[in-house]
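Have a look at the structure below before the remarks.
In the numbering used here, the protein residues as written are 539 to 634.
Written out as structure tokens, the structure is:
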């Protein structure tokens with residue numbers, strides 16, 4: 539997987555509040571600073587038997603306590619795409 543570049547869009551279902559903090563010693567995001575929670579679904583909107591009252595795929599990323607800063611949610615995605623692979627692909631990008 540290559541590097542991901544975010545493009546701002548008002549129609550996006552992804553909200554990134556803050557980019558990852560980089561450890562100056564490794565030049566990579568701090569290890570174990572972030573935790574993710576996922577409420578997954580097993581089929582997309584096009585595979586669902588009904589269009590109403592179906593749950594969305596949801597992933598949130600939270601930054602743990604860092605220095606004097608409180609923990610906070612830094613990224614959120616909530617949507618039920620036509621093809622579930624779209625949600626899984628975006629989640630993989632968020633987690634890498």
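For each residue, glycine too, the CB sits at the ideal point set by N, CA and C.
* What are the uninterrupted segments assigned as beta strand (DSSP E) that are 3 or more residues long and contained completely in the region 586 to 622, given in chain order? -> Entirely contained in the region 586 to 622, the beta strand (DSSP E) runs reaching 3 residues are, in chain order, 595 to 601, 610 to 617.
* Exposed unless 16 or more other CB atoms sit within 10 angstroms - verdict on residue 560 -> exposed
* Which one of 626, 544, 618 has the shortest CA to CA distance from residue 585? -> For the set 626, 544, 618, the Cα lying nearest the Cα of residue 585 is the one of 618.
* To do: Please name the residue or residues paired with residue 572 in a DSSP beta bridge.
  => The partner list for residue 572 (beta bridge, DSSP) reads 601.
* To do: Could you check the C-alpha separation between residue 539 and residue 606 for me, to the nearest Å?
  => Residue placement at residue 539 cannot be trusted, given a pLDDT of 44 that sits under 50; what the coordinates show is reported in the next sentence. Cα to Cα, residue 539 sits roughly 34 angstroms from residue 606.
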